[in-house]
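Asks: Under the working numbering, the letters of the sequence shown match residues 78 to 190, in that order. From the three backbone atoms N, C-alpha and C, an ideal C-beta is built for every residue, glycine too.
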Amino acid sequence: MDAILLTTTEPRWLTELRHQCAARSQAQVARELEVSGALISQVLKGKYPGDLHRIEKLVRGQYLGDTVLCPVLGELELDNCQRYQRQAGATHNPLRVQLYRACKHCEHAQEKQ
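#1: Any chance the segment 160-179 sits against the segment 120-131, with 3 or more Cβ pairs inside 8 Å?
#2: Within 10 Å of its beta-carbon, does K134 have 16 or more other beta-carbons around it, so buried, or fewer, so exposed?
#3: Quick one, are the C-beta atoms of G127 and D156 less than 7 Å apart?
#4: Starting from the C-beta of P148, find all residues in its chain whose C-beta is less than 6 Å away, skip the five residues before and the five after it, and write them out in chain order.
#5: For the segment 105-135, list the alpha helix (DSSP H) runs that are entirely contained and at least 4 residues long, ordered along the chain.
#6: Return the first residue and the last residue of the beta strand (DSSP E) that L146 is part of.
#7: How would you write the range of the alpha helix (DSSP H) that L176 sits in, first residue to last?
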């Protein structure tokens with residue numbers, strides 16, 4: 078009889094999130110990612126009902142060093158890309174205006190709700 082080998086592997090970003098929380102605390106990691114501690118707890122338990130793709134990008138940028146090519150700023154960490162997208166377009170700041178316009182049509186843009 079052939080043995081069936083079942084392996085379950087979680088995504089690299091989730092493994093890294095667990096590692097970061099074990100090294101410090103969920104609260105510290107939540108502050109670094111600018112999310113709530115409850116969100117981190119739910120993600121770690123597999124109970125988070127929200128957008129895991131957004132959390133993945135934050136973790137990949139903050140802890141794994143993943144970057145994207147921003148049409149305005151050049152190479153940019155994924156987590157910072159997500160943060161710039163969440164900022165409102167400020168008419169008094171030319172850079173923020175450029176980012177606001179570029180982010181709306183960028184391939185890395187989060188889906189608007």
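Replies: With the structure as the only source:
#1: no
#2: buried
#3: no
#4: A179
#5: 114-122
#6: 144-147
#7: 171-182
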